[in-house]
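In the working numbering, the protein residues as written are 1 to 165.
Written out below as structure tokens is the structure these notes cover.
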């Protein structure tokens, strides 16, 4: 029996709007982000999505998005769902965040995509052990989503990056 996962990325933040990548830096949802979270919840309800639980990154933008979109579903925050730690580049311009250069090599004072993958492998093992047969939602970030593609779909990091949204 499987775990059924629906993955959602948090709404737009003030950093996103300014073309900055927050990483582990806390960033607030902007007005568009609040609207996106409301719309996500509405669309999910219209589709008839039923979640046993929602897991969310422990970063504020993901928590707020999940609370707005899914107010009546039990939630668990989990630090393993955090965005990649860009280290010295947290909060810097998105042109400086080149995933392809940091698959194995960590960002200065941060982590690599393979580090994110290790976190996500631990999370996947946990949900397999504890939520088999359940439908879970995840509200998180770009790097953990790509890590799931690597883990679940068997993609290489190069393939996951190439197929990224």
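Note that the Cβ used here is the ideal one computed from N, Cα and C, for glycine as well.
A quick note: this is a predicted structure, and the numbers were derived from the prediction, not measured.
Nearest-angstrom Cβ-Cβ length linking residue 79 and residue 58, presumed shorter than 8 Å: On the chain shown, residue 79 is found 79 positions in, with the first residue counted as 1. On the chain shown, residue 58 is found 58 positions in, with the first residue counted as 1. With 8 Å as the limit, residue 79 and residue 58 qualify as a contact, their Cβ atoms being about 5 Å apart.
DSSP three-state assignment for residue 69, whether helix, strand or coil: Position 69 of the chain shown, counted from the start, is the residue given in the question as residue 69. Helix.
Residue 51 - containing alpha helix (DSSP H), residue span: As a first step, residue 51 must be located in the chain shown, where it is residue number 51. Counting along the chain, residue 51 falls outside any alpha helix (DSSP H), and DSSP gives it neither H nor E.
Any 3 or more C-beta pairs closer than 8 Å across the region 64-80 and the region 39-56: Touching, yes, given that three or more Cβ pairs across the two stretches are closer than 8 Å.
Residue 184 and residue 150 closer than 9 Å at C-beta: A query on residue 184 cannot be resolved here, the shown segment of the chain reaching from 1 to 165 and no further.
Sequence-distant residues of its chain with Cβ nearer than 6 Å to residue 60 (five each side left out): Here residue 60 corresponds to residue number 60 of the chain shown, with the count starting at 1. 26.
Cutoff 6 Å; reference residue 109; Cβ partners in own chain excluding five residues on either side: Translated into positions along the chain shown, residue 109 becomes position 109. Non-local beta-carbon contacts of residue 109 in its own chain, meaning distances under 6 Å to residues more than five positions away in sequence, involve 87 and 88 in chain order.
Residue 133 and residue 23 closer than 9 Å at C-beta: Walking along the chain shown from the start, residue 133 turns up at place 133. Walking along the chain shown from the start, residue 23 turns up at place 23. Contact flag unset, no.
Residues sharing a beta bridge with residue 135, DSSP: Position 135 of the chain shown, counting from 1, holds the residue named residue 135. Paired residues: 4.
Proximity to residue 75 [Cα-Cα], best of 135, 18, 47 and 46: If you number the chain shown from 1, residue 75 lands on position 75. Answer by Cα proximity: 135.
Spatial distance of residue 131 from residue 102 (CA atoms): Along the chain shown, one-based indexing puts residue 131 at 131. Along the chain shown, one-based indexing puts residue 102 at 102. Straight through space, the alpha carbons of residue 102 and residue 131 are spaced by roughly 32 Å.
Rounded straight-line distance, which links the Cα of residue 119 to that of residue 28: The count along the chain shown starts at 1 and reaches residue 28 at position 28. The count along the chain shown starts at 1 and reaches residue 119 at position 119. Rounded to the nearest angstrom, the two C-alpha atoms are 24 Å apart.
Straight-line gap, residue 127 to residue 138 (C-alpha atoms, nearest Å): Along the chain shown, read from residue 1 onward, the residue named residue 127 stands at position 127. Along the chain shown, read from residue 1 onward, the residue named residue 138 stands at position 138. Their Cα atoms are separated by approximately 11 Å.
Residue environment, residue 147, which counts as buried when at least 16 other CB atoms sit within 10 Å: The residue given as residue 147 occupies position 147 in the chain shown. By the Cβ neighbour-count rule, residue 147 is buried, with 16 or more other Cβ atoms within 10 Å of its own.
Runs of beta strand (DSSP E) wholly within the region 81-161 (minimum 3 residues, chain order): 135-140, all fully within the region 81-161.
Residues of its chain near residue 85, where Cβ-Cβ distance is below 6 Å and the 5 sequence neighbours each way are ignored: Taking the chain shown and counting its residues from 1, the one referred to as residue 85 is at position 85. The beta carbon of residue 85 lies closer than 6 Å to those of 23, 24, 110 and 111 in the same chain, with the five residues before and after it left out.
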